[in-house]
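Everything below concerns the one structure shown next.
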Amino acid sequence: MTPTENFISHLIELRTRLMRIVIGLVLVFLCIFPFANDVYALLAAPLLGQLPLGGQMIATGVTTPFF
299 MTPTENFISH LIELRTRLMR IVIGLVLVFL CIFPFANDVY ALLAAPLLGQ LPLGGQMIAT
359 GVTTPFF
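Under my numbering, read the sequence shown as residues 299 to 365, first letter to last.
Shown next as structure tokens:
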């Protein structure tokens, strides 16, 4: 095997693995998407517990409630 053929085989293997990862992520997303509100409630529960009585959580960005 020449160095070029070896490099190409590594690129093919990388492409195969990346495609499997993308397909897996899409499948996980499709399975979890119907439960988006439940997942959000689970993640937001600790933060909501720290708010004062009657307080509301306001998000000005996608990740601002968590960081």
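Backbone N, C-alpha and C define an ideal beta-carbon position, used for all residues, glycine too.
Alpha helix (DSSP H) segment containing PHE331, residue limits: Run containing PHE331: none; DSSP gives neither H nor E here.
Test: GLN354 CB closer than 8 angstroms to a CB of chain D: Annotation note: the requested chain D is absent from the structure, which comprises a single protein chain.
Cα-Cα separation, ALA339 to MET355: Taking the straight line from one Cα to the other gives about 12 angstroms.
Cut-off 7 angstroms between Cβ atoms - residues of its own chain near VAL337, not counting five sequence neighbours on either side: ILE330
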